[in-house]
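Each remark here refers to the structure printed beneath this line.
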Amino acid sequence: MTTDRSTMRAGGPATVADIIDRVLDKGLVINADIAVSLAGVELLSIRIRAVLASLDAAARYGLQLPAGSNLDTDAWRQAVIIKDDCPKCGKRSAQAALLAEGCPWCGWVPVRIKKQMIA
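In this text, residue positions in the sequence shown follow the working numbering: the first is 9, and each later residue adds one.
What follows is the structure, encoded as structure tokens:
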């Protein structure tokens, strides 16, 4: 069963898969500083920095990857391609292909392409 992204955005029920997809798409950053002090003396200091994101989101926001990461791979090149949601079915495709050719999933075609086909 697939969930239409527009339903999820409109406040409809979200499944765990929808939430995970959203977190990986947008990214999640946890940044916390915890200090335990007694009588003005800091006894314990904890700094937490965590990022959870897909490679696509990491590339979009320019997140630094650990040293030694190989960015010269097919998977990384695919991750940096700008993607967008189809307005009809909500599935993600490369933005350039979506605007130039239409959606490969449902057959949606941009108005600009429809006008060219008619002329």
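Beta carbons are placed, not taken as given, at the ideal position from N, Cα and C, and that holds for glycine.
For L79, the secondary structure class from DSSP, reduced to helix, strand or coil, is coil.
One alpha carbon belongs to D26, the other to M125, and they sit about 36 Å apart.
If you draw a straight line from the Cα of I42 to the Cα of E50, it is about 11 Å long. Residue state for A104 is assigned as helix, using DSSP reduced to three classes. DSSP places I121 within a helical segment (H, G or I) once states are collapsed to three.
Straight-line spacing of the CA atoms in I89 and V37 works out to 22 Å.
A Cβ-Cβ contact shorter than 8 Å links A65 with D33. Between A87 and L63, the CB-CB gap stays under 8 Å.
Secondary structure remark: continuous alpha helix (DSSP H) runs of at least 4 residues inside the region 33-97, in chain order: 63-69 and 82-87. Taking A40 as the centre and dropping the five residues before and after it, the same chain places the C-beta of I56 closer than 6 Å to its C-beta, in chain order. Straight-line measurement puts the Cα of A67 at about 27 Å from the Cα of P118.
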